[in-house]
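This report concerns only the one structure given below.
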Amino acid sequence: MNEPTRADAVADPASPYALRKLASIALDALADGAAARGGPLPAGGPEQVAARTRALCTPVLPEEGVGAADALYDVARAAAEGAADPSDPHCVAHLHCPPLAVAAAADLVASALNPSMDSWDQAPAAAVIEAEVTAALARLVYPHHPAPDAVITSGGTESNLVALLLGRERARATGARTVQVLVGANAHHSVRRAAWMLGLPTPLVVDCPGGRMSPAALDRALVECAGPALVVATAGTTDEGLIDPLPEIAEVARFHGAELHVDAAYGGPLLFSDTLAPRLAGIEHAVSVTYDLHKLGWQPVAAGVLAVADAQVLEPLALTADYLNADDDTEAGLPDLLGRSIRTSRRPDVLKIATTLRALGRRGLGATVEHCVRTAADVARAVDAHPALRRRPGDVGISTVLFRPAAADALPDADGDELVAAVRRDLLAEGRAVLGRATVADGDGRQRLWLKVTLLHPSTTGDDLAPLLDLIAEQAERLAPASMAA
Ligand SMILES: *Cc1c(COP(=O)(O)O)cnc(C)c1O
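If you count by this note's numbering, then the sequence shown holds residues 778 to 1263, one letter each, in order.
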């Protein structure tokens, strides 16, 4: 291929060299890399992966460039060959979804057009699309509120940070110095980190027997709080996919005059489904709700949402910078985007979200969430029926199943946990499975280590996962101390 000139290298779709040609090179490299990998992740562990990756695409800053085509092939091939591939049924560790093709394609458009979402003169149409999408995403959470709103974030971490920031500003508006955050012991670490970043008092931790926040424990904790308080409940815990009892928590918070934020980074998309939305009943009492579309939602990272019950809640984000949203421009009717984020330059993540919402519709998204929930139930049943595996007693979370090899139960606690950890690590090193881990209480109340599978694939079924369960059982049998076999 001829080397593109500097001008041709710009992602102008009319250019013969640029995007169309390069896109097909990228797709070839993705296919070649996946074929070379041949499994859910590369075999050999960190050192071998590093050596192979470096061999394929370094030096990253050569004195003379290798050209667009070769560089793209090399880097894409290396990234694909060494990928942990969430579209493989054996890659089920995290809230790490296989992205929909339609969303990935829309993300290419976002990169090619490069609208920046901090001023209207950089994103005239993208701003309209964002306004439509955020309105729809807000109505999903607050269908009966007169003026809900939402902003697009980089994910749950940023959504929780902004939620706490807005909570602090509401408290200050009442003359208080700060706000006391209360979190469940089951809360995501980003909530505590947000409190730390914002200079808030250390959050009070509320007991979560069985993995869900206890309303009685929350009640006791709120009695201790003198000033403004913000309760952060979780709808879809990261470890187990459990949903806090939102109606009871909202009632306790209301009784004490505290506000409620719900971290539904994982569970929020249940709202797309008529049959699953009732599991989030009570969420409409929250002043703000975090939810991600790069978990259930099947978007490439990043696709986060922070919905608020009333648009006024977002007012503290307002900011004027003469070069982006001068008062006279705003008065003349140019939309003001700067106050819709804590970021300045901002990727139009909304384009892939808009494309996906329009492609699948609410029903299509709801059905896909239902599929993942059903797959989790099927896997739970298969674990229960498996002679060499034991599921963590209790409810199956949204689409998360915890279990351990029965061989681990036959060992003293510490050795059992070590076996569970070794099974996971060996399957990773062999490139055969990507499993998660979680330390949570067993039926006897003792903390134990579990294997975790998080089912986010839009089409993988319980049957597709049966070989994974057998693989885990075999690996445990192989690794269990020889004395066990006797
Ligand atoms: C994933 C997750 C987060 C963090 O979200 P990111 O999108 O990774 O920043 C926060 N809270 C919960 C409950 C999560 O599952």
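Backbone N, C-alpha and C fix where the C-beta goes; we use that ideal spot for every residue, glycine too.
Just so we're clear, the structure is a prediction, and the values are computed from it rather than from any experiment.
Use the C-beta contact count for residue i: other C-beta atoms within 10 angstroms, 16 or more gives buried, fewer gives exposed.
i        : result
Asp-1172 : exposed
His-966  : exposed
Ala-989  : First, the residue type needs correcting, since residue 989 is Arg and not Ala in the sequence shown. Buried, by the Cβ-count rule.
Val-837  : exposed
Trp-1075 : buried
Thr-1145 : buried
Cys-874  : buried
Ala-998  : buried
Gly-1208 : buried
Glu-1251 : exposed
Ser-991  : buried
Asp-1105 : exposed
In this structure, how does DSSP classify residue i when only helix, strand and coil are distinguished?
i        : result
Gly-1222 : coil
Glu-1036 : strand
Val-1082 : strand
Asp-789  : coil
Tyr-1068 : strand
Val-1197 : helix
Val-1211 : strand
Asp-865  : coil
Val-905  : helix
Val-1146 : helix
Trp-1227 : strand
Ile-1301 : Coverage of the chain is limited to positions 778 through 1263, which leaves residue 1301 absent and any answer about it impossible.
Asp-1051 : coil
Gln-1076 : coil
Leu-1256 : helix
Thr-1152 : helix
Thr-930  : strand
Ala-1058 : coil
Arg-1031 : helix
Leu-1166 : strand
Ile-1175 : coil
Pro-1182 : strand
One question on the structure: do residue i and residue j come within less than 8 Å of each other, judged by their Cβ atoms?
i        : j        : result
Gly-944  : Glu-1028 : no
Ala-927  : Val-1078 : no
Thr-1011 : Asn-937  : no
Pro-1112 : Pro-892  : no
Ala-1131 : Val-910  : yes
Leu-872  : Lys-1129 : no
Val-958  : Leu-1007 : yes
Pro-1005 : Ala-940  : no
Phe-1049 : Arg-1139 : yes
Ala-848  : Leu-807  : no
Val-1266 : Ser-1065 : As shown, the chain starts at 778 and ends at 1263. That puts residue 1266 outside it, with no answer to give.
Leu-1101 : Gly-1059 : no
Val-758  : Ala-1187 : Given that the chain is displayed from residue 778 to residue 1263, the structure contains no residue 758 and the question cannot be resolved.
Gly-1116 : Leu-1096 : yes
Could you check how far apart the C-beta atoms of residue i and residue j are, in whole angstroms? I think they sit under 8 Å.
i        : j        : result
His-921  : Glu-1061 : 7 Å
Thr-1121 : Asp-898  : The pair is not a contact, with the Cβ atoms about 14 Å apart (cut-off 8 Å).
Leu-745  : Val-983  : The first residue shown for the chain is 778 and the last is 1263, placing residue 745 beyond what the model contains.
Ser-931  : Gly-1081 : 6 Å
Ser-1178 : Val-1217 : Before going on, a small fix: residue 1178 reads as Val here, not Ser. Rounded, the Cβ-Cβ distance is 13 Å, inconsistent with contact.
Ala-1042 : Gly-933  : 3 Å
Val-956  : Leu-981  : Incorrect: roughly 12 Å between the Cβ atoms, too far for contact.
Pro-876  : His-1234 : With a Cβ gap of about 11 Å, Pro-876 and His-1234 do not count as contacting.
Ala-788  : Ala-889  : 4 Å
Ala-857  : Gly-810  : 3 Å
Gly-859  : Thr-835  : With a Cβ gap of about 13 Å, Gly-859 and Thr-835 do not count as contacting.
Asp-1051 : Gly-1143 : 6 Å
Val-960  : Val-905  : About 37 Å separates the two Cβ atoms, so there is no contact after all.
Starting from the C-beta of residue i, find all residues in its chain whose C-beta is less than 7 Å away, skip the five residues before and the five after it, and write them out in chain order.
i        : result
Phe-1180 : Val-1160, Leu-1166, Arg-1167, Arg-1168, Arg-1169, Trp-1227, Leu-1228
Ser-1260 : Per-residue confidence for Ser-1260 stands at a pLDDT of 49, beneath the threshold of 50, marking its modelled position as unreliable; the derived number appears in the next sentence. For Ser-1260, where only same-chain residues beyond five positions count, there are no Cβ hits under 7 Å.
Gly-1044 : Ala-1012, Gly-1013, Ile-1020, Leu-1057, Ile-1175
Ala-1103 : none
Quick one: what's got a C-beta closer than 8 Å to residue i's C-beta in the same chain, skipping five residues either side?
i        : result
Ala-766  : Only positions 778 to 1263 of the chain appear in the structure, and residue 766 is not among them; the question remains open.
Gly-822  : Leu-1205, Ala-1206
Val-843  : Asp-851
Ala-1215 : Asp-1016, Glu-1017, Leu-1179, Leu-1226, Trp-1227, Lys-1229
Asp-1203 : Gln-1252, Leu-1256
Ala-1199 : Leu-1256
Can you list, in chain order, the residues of its chain whose CB lies under 6 Å from that of residue i, leaving out five sequence neighbours each side?
i        : result
Cys-868  : Pro-817, Ala-861, Asp-862, Val-1211
Ala-915  : Pro-925, Asp-926, Ala-927, Ala-1084
Arg-1225 : Asp-1219
Ala-1153 : Val-1173, Ser-1176, Val-1178, Leu-1232
Glu-1254 : none
Glu-946  : Pro-1093
Ala-855  : Thr-830, Leu-833, Cys-834
Ala-953  : Gly-1004, Pro-1005
Would you say the beta carbon of residue i comes nearer than 7 Å to a heavy atom of ligand 2?
i        : result
Ala-1042 : For the structure depicted, ligand 2 is absent and the ligand set comprises only ligand 1.
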